[in-house]
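All the letters of the sequence shown, read from the start, carry residue numbers -18 to -1, 1 to 402 under mature numbering (1 follows the signal peptide of the UniProt record, and there is no 0). One structure is given here, and the rest of the page talks about it.
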Amino acid sequence: MLVSATALLGATLGTVSGLLTLCGLSLLCKSCKKGKLERGDEADPEKAKPSILHTLTQFSVQKSTKPIQPQASLKFPEIYCPKPCVTSQEVINYKEHGAANDTSAAALDTCNQATDREDVFSLPRQASTDETPCTSEQTGAMTKSSSILYPKLHFSISLHKENEELHISIVEAENISVEAGCEGYISGCVSVSEEQRHAQTAIHKLAAHVQWGEELVFALPVEGTEDTDSLDGEVALSLHCCDRFSHNSTLGTMRFKLADISMMLDADCWVDLQPPKQEVASSSGELLLSLSYLPAANRLGVVVMKARGLQSDKLKDNIDLSVKLTLKHLNAKLKKKQTRRVKHKMNPVWNEMMMLELPSELLAKSSVELEVLNLASPGTLLPLGRCVLGLRTSGTGLQHWKQMLDNPRKQIAMWHPLYT
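Okay, structure coming up:
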């Protein structure tokens, strides 16, 4: 009896301890699972439960193997498109074109999608003598060959039949470009039947504009006063300059036939005086030169390249050739330079560049003189020939200078005859 009670009590205690052990194990498992879940929620905020620190907004993330292209957060800058000129024909007649203008506007929008569309309004044309649209003239630009101003002479002609005389009234002259302090006069020459009759005005100080108010009187043959159309001859009027060294030079000349006097009687005549022609003479050789002008640097480049066909008695004893360059403004000498000497060659080659500082506003009145020299003996330089380039010259010198002005920053080469 006592043994059975003891066995029953032991079984009961074993059962209770087993149950308690099972409960403890279950609680331990639940606490471990709860800790793992909390750690998982902290690592993945999308699966976390709503709370004060977590918003209710859910984000869907899709995984993809495609490369992600970065997107710019800045807007594309607007492209500047200038508005059409007011004086342009298309803008002035904008409303008249209709569909054509719509097409052009659509094309403009297609080419410039980043810009906002702007309406173009028709504006009335303003009264102006300048018909060039949207052009700004540059002041102090380089002188062009087409803008050269030659001296102008104002005169009138009258025929006195009773005295058998031709009267030419010299009124004034303008566009005269000379050095300060120079004096000048107007001379006239009438050539009739291989006879020449000369007359000239008084000497005046020359300036840009000079008033004369004098008459030149020429005697004509008797048959000339009755019928001027039958006269065979010409009249020449020339403007001369005298510098302080008493050196006379001709600034310009104009000529007309005596048969044309009837059309010019009692009329005010304005005539451009052309530069004097270079006297025809046999050249003593040729000189190859290259010119260029740099407007930005105000520099004139002269390349003395070579010479050919030099013919002179001064080359018999010794051949030691060089070229002397002189830059002139009007009659004043600004700069002198000289090349190296080449010995024992009748066709010398120098290929030397000389840079000269010359402002663009002085180009029209400047010139370059080149002279080929031979060193016959120590200290003795003999000139073989010379050539002059500028707007006041003629022939190849004038042509070369004009081409240089019309083509800035370009090398222009040309052969020039040498005259003694």
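A virtual CB, placed ideally from N, CA and C, is assigned to each residue, including glycine.
* Leu307 and Lys319: beta carbons closer than 7 Å? -> Taking the sequence shown and counting its residues from 1, one reaches residue 307 at position 325. Taking the sequence shown and counting its residues from 1, one reaches residue 319 at position 337. It is a contact, given that the beta carbons lie within the stated cut-off.
* **Whole-angstrom distance between Lys16 and Leu9, CA atom to CA atom** => Taking the sequence shown and counting its residues from 1, one reaches residue 9 at position 27. Taking the sequence shown and counting its residues from 1, one reaches residue 16 at position 34. Computed Cα separation, rounded: 11 Å.
* Roughly how many angstroms separate the alpha carbons of Ser(-2) and Ala(-8), rounded to a whole number? -> In the sequence shown, the residue the question calls residue -2 occupies position 17. In the sequence shown, the residue the question calls residue -8 occupies position 11. Our two residues, Ser(-2) and Ala(-8), have alpha carbons roughly 10 Å apart in a direct line.
* What distance in whole Å lies between the Cβ atoms of Ser376 and Pro277, which are believed to be in contact at a cut-off of 8 Å? -> The residue given as residue 277 occupies position 295 in the sequence shown. The residue given as residue 376 occupies position 394 in the sequence shown. In this structure, Pro277 and Ser376 do not form a Cβ contact; the two beta carbons are roughly 26 Å apart against a cut-off of 8 Å.
* To do: Consult DSSP for Cys164 and reduce its assignment to one of helix, strand or coil.
  => Here residue 164 refers to the residue found at position 182 of the sequence shown. Note: Cys164 maps to coil in three-state DSSP.
* Asked: Using CA coordinates, which residue listed in Leu135, Leu273, Asp299 is at the minimum distance from Pro390?
  -> By one-based count along the sequence shown, residue 390 stands at place 408. Out of Leu135, Leu273, Asp299, Leu273 has the C-alpha closest to the C-alpha of Pro390.
* Leu338 versus Ser231: straight-line alpha-carbon distance, rounded -> On the sequence shown, position 356 is the one that residue 338 refers to. On the sequence shown, position 249 is the one that residue 231 refers to. Leu338 and Ser231: Cα-Cα distance of roughly 26 Å.
* To do: Could you check what DSSP says for Thr69 in three-state terms: helix, strand or coil?
  => The residue given as residue 69 occupies position 87 in the sequence shown. In this predicted model, Thr69 has a pLDDT of only 41, less than 50, meaning its place in the structure is not dependable; the value taken from the coordinates is given anyway. DSSP places Thr69 in coil when its eight states are reduced to three.
* Asked: Out of curiosity, what's the CA-to-CA distance linking Arg290 and Glu351?
  -> Here residue 290 refers to the residue found at position 308 when the sequence shown is read from its first residue. Here residue 351 refers to the residue found at position 369 when the sequence shown is read from its first residue. The alpha-carbon atoms of Arg290 and Glu351 are separated by roughly 18 Å.
* Asked: Comparing alpha-carbon positions, which option in Ala189, Met386, Gly367 lies nearest Leu292?
  -> If you number the sequence shown from 1, residue 292 lands on position 310. Nearest option by C-alpha distance: Gly367.
* Asked: Quick one: Cα of Leu255 to Cα of Ala218, how far?
  -> Your numbering for residue 255 matches position 273 in the sequence shown. Your numbering for residue 218 matches position 236 in the sequence shown. Approximately 11 Å, taken between the alpha carbons.
* Own chain residues within Cβ distance below 6 Å of Gln237, not counting five before or after -> Counting from 1 along the sequence shown, the entry for residue 237 is found at position 255. Sequence check: residue 237 is Arg here, not Gln. Once the five neighbours on either side are set aside, the close Cβ partners of Arg237 are Glu216, Ala218.
* Cutoff 7 Å; reference Ala249; Cβ partners in own chain excluding five residues on either side -> Taking the first residue of the sequence shown as position 1, residue 249 is located at position 267. Contacts found: Ser138.
* DSSP-derived helix/strand/coil call for Asn389 -> The count along the sequence shown starts at 1 and reaches residue 389 at position 407. Looking at Asn389 - three-state DSSP - the assignment turns out to be coil, as it is neither helix nor strand.
* Report yes if the C-beta distance between Gly170 and Ala181 is below 7 Å; otherwise report no. => Translated into the one-based positions of the sequence shown, residue 170 becomes position 188. Translated into the one-based positions of the sequence shown, residue 181 becomes position 199. Their beta carbons are under 7 Å apart, which means Gly170 touches Ala181 by this criterion.
* To do: Hey, could you find the ends of the beta strand (DSSP E) Ile152 is sitting in?
  => Numbered from 1 along the sequence shown, position 170 holds the residue referred to as residue 152. From DSSP, the beta strand (DSSP E) with Ile152 extends over 147 to 156.
* Which residue comes first and which comes last in the beta strand (DSSP E) that contains Thr394? -> As a working note, residue 394 is residue 412 in the sequence shown. A small correction: the amino acid at residue 394 is Ile; Thr does not occupy that position in the sequence shown. Here the beta strand (DSSP E) through Ile394 covers 394 to 399.
* Asked: Counting only beta-carbon atoms, is Glu353 nearer than 7 Å to chain B?
  -> Among the chains of the structure shown, chain B does not appear; only one protein chain is present.
* Length of the line joining the Cα atoms of Pro399 and Val305 -> The sequence position of residue 399 within the sequence shown is 417, counting from 1. The sequence position of residue 305 within the sequence shown is 323, counting from 1. About 14 Å.
* Asked: Gln182 bridges to which residues according to DSSP?
  -> Here residue 182 refers to the residue found at position 200 when the sequence shown is read from its first residue. Answer is Ser169, bridged to Gln182.
* Cβ pair Leu148, Leu202 closer than 7 Å -> Translated into positions along the sequence shown, residue 148 becomes position 166. Translated into positions along the sequence shown, residue 202 becomes position 220. Yes, the Cβ-Cβ distance between Leu148 and Leu202 is below 7 Å.
* Asked: Shortest alpha-carbon distance to Glu154 belongs to which of Val253, Ser244, Glu177?
  -> Here residue 154 refers to the residue found at position 172 when the sequence shown is read from its first residue. Of the listed residues, the one whose Cα sits closest to Glu154 is Val253.
* **For Val(-3), the residue or residues it bridges with in DSSP** => Here residue -3 refers to the residue found at position 16 when the sequence shown is read from its first residue. Beta-bridge pairing links Val(-3) to no other residue.
* Mind checking who Thr402 pairs with in its DSSP beta bridge? => Position 420 of the sequence shown, counted from the first residue, corresponds to residue 402. Thr402 is bridged by DSSP to nothing; it lacks a bridge partner.
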